[in-house]
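A.B. asks: Pasting a structure here, questions to come.
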Amino acid sequence: MSSSLLGILIMCAGVLCLALGDAVSKWLGATYEPIQIIFFRTLISLPLIALLARFNGGWRKLKTRRPGVHLLRGMIFAGTMFCFVTGLTLLPLAETTAIAFAAPLFVTLLSGPLLKERVERLPFIASLVGFAGVLVVVRPGATGFQWGALIVVGAAVCYALMMITARRYGGKESLWAMVFYATLVPLILSALLLPNVWKMPEGWAWLGFIGSGIFGVGAVSCITLAFRYAPAALAAPFDYTAMVWAVLLGWWLWDEVPDVWVFIGAAVIIGSGVAIALYERQVAIKARPTT
1 MSSSLLGILI
11 MCAGVLCLAL
21 GDAVSKWLGA
31 TYEPIQIIFF
41 RTLISLPLIA
51 LLARFNGGWR
61 KLKTRRPGVH
71 LLRGMIFAGT
81 MFCFVTGLTL
91 LPLAETTAIA
101 FAAPLFVTLL
111 SGPLLKERVE
121 RLPFIASLVG
131 FAGVLVVVRP
141 GATGFQWGAL
151 IVVGAAVCYA
161 LMMITARRYG
171 GKESLWAMVF
181 YATLVPLILS
191 ALLLPNVWKM
201 PEGWAWLGFI
211 GSGIFGVGAV
221 SCITLAFRYA
231 PAALAAPFDY
241 TAMVWAVLLG
251 WWLWDEVPDV
261 WVFIGAAVII
271 GSGVAIALYE
281 RQVAIKARPT
291 T
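Per the UniProt record's numbering, the very first residue in the sequence shown carries number 1; after that it's consecutive.
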């Protein structure tokens with residue numbers, strides 16, 4: 001098996017973990033508040049992330065000289081999780097997933113003003129087209145419009161800010177430090193708010209809370225590992241296989257069947273994301289030094 005194929009398969013496994021974690025969170029959200037779901041998810045994830053760091057370079061991987069940056073990223077990630085979990089409780093799984101795909105498009109649109117990077121014409125146009133796809137899914141002003149869709153758009157914007165800060169500081173901090181502190185801050189914030197929403201988990205809910213955290217760590221681990229075996233431009237588009245899992249899980253667990261506009265909008269968003277990824281791949285190839 002080639003290295004690239006292995007990377008793609010690992011990427012698909014990570015995306016499946018993400019989809020399963022989202023499905024579990026949606027199931028829990030019918031009974032428990034998003035704050036409690038976030039608390040347990042981060043509580044389970046944090047020690048697992050620490051162990052992964054321990055076996056991938058040692059505890060020194062968690063050292064940092066930029067606590068302020070990690071605090072900011074953690075607060076942004078807390079907002080991401082809160083908006084996304086809330087959206088899961090209000091919208092079908094496939095629709096929530098489709099809107100969340102807009103995050104890379106927001107990265108392109110925001111990297112100019114926030115990172116002072118020059119945004120080329122093709123990625124900029126692709127991002128605008130992708131945003132039009134988001135509007136097709138959200139359909140503001142339509143009879144079927146739900147405010148939960150705007151909450152998920154908020155999650156996509158927050159996640160885009162997470163990716164932008166990772167691009168800004170990722171070369172100066174270890175990957176595991178970035179992931180560890182981004183998980184620690186939401187854990188602390190949700191713990192402070194937990195007494196206001198606490199409800200004792202019953203029966204299968206305990207397994208759901210534990211599974212949500214395990215799936216989250218599994219997703220991060222697999223996606224990180226995938227980029228070690230396959231080029232980012234090749235592996236990244238397979239993130240969109242999440243749409244397949246979202247449709248199947250939503251149909252199987254909640255009898256959710258997305259309408260045609262969700263599929264059309266998702267196709268536009270995915271097409272725009274793939275176009276940007278292919279463009280960046282071509283730029284990277286041209287930038288390689290020739291011998």
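All C-beta atoms, glycine included, are put in the ideal place defined by N, C-alpha and C.
These numbers were taken from a predicted model, which means no experiment stands behind them.
#1: Closer than 6 Å by C-beta to Thr80: which residues in its own chain qualify, once you throw out the five before and the five after it? Chain order, please.
#2: Tell me which residues share the same chain as Cys12 and place their Cβ nearer than 7 Å to its Cβ, disregarding the 5 neighbours each side in the sequence.
#3: Which residue wins for smallest C-alpha separation from Trp27, given the options Ala284, Ala205, Pro231, Val134?
#4: Kindly confirm or deny that the segment 30-48 and the segment 83-93 touch, where touching means at least three C-beta pairs closer than 8 Å.
#5: Just to confirm the assignment: which complete alpha helix (DSSP H) runs, minimum length 4, are found wholly within the segment 91-148?
#6: Which residue's Cα is closest to the Cα of Ser272: Phe101, Phe209, Ala50?
#7: Looking only at its chain, what residues have a beta carbon closer than 8 Å to the beta carbon of Ile210, apart from the 5 residues adjacent to it on each side?
#8: To which residues of the same chain is Trp254 closer than 6 Å at the C-beta, ignoring the five residues directly before and after it?
#9: The alpha helix (DSSP H) with Asp22 in it runs from where to where?
#10: Quick check on Ala155: does DSSP put it in helix, strand or coil?
#11: Going by DSSP, what residue range makes up the alpha helix (DSSP H) through Ala230?
#12: Should Gly74 and Val185 be called a contact, given that it needs their Cβ atoms to be closer than 9 Å?
#13: For Leu225, which residues from the same chain have a beta carbon less than 6 Å from its beta carbon, with the 5 sequence-adjacent residues on both sides left out?
C.D. replies: Per the coordinate set shown:
#1: The residues are Ala155, Cys158, Tyr159.
#2: Within the same chain, and ignoring the five residues on either side of Cys12 in sequence, the residues whose Cβ sits closer than 7 Å to its Cβ are Phe238, Thr241.
#3: Here the closest residue by C-alpha is Ala205.
#4: In short, these stretches touch, since the Cβ pair count reaches three.
#5: For the segment 91-148, whole alpha helix (DSSP H) runs of length 4 or above, ordered along the chain, are 93-100, 103-115, 121-138.
#6: Nearest in C-alpha terms to Ser272, of all of Phe101, Phe209, Ala50, is Phe101.
#7: Excluding positions up to five away in sequence, the list reads Phe40, Ile44.
#8: Nothing listed; no residue qualifies.
#9: Asp22 -> alpha helix (DSSP H) spans 3-29.
#10: Helix.
#11: Here Ala230 belongs to no alpha helix (DSSP H), and DSSP marks it neither H nor E.
#12: Going by C-beta atoms, Gly74 is nearer than 9 Å to Val185.
#13: Its chain contains Ile10 as the residues whose beta carbon lies nearer than 6 Å to that of Leu225, once the 5 sequence neighbours on both sides are disregarded; these appear in chain order.
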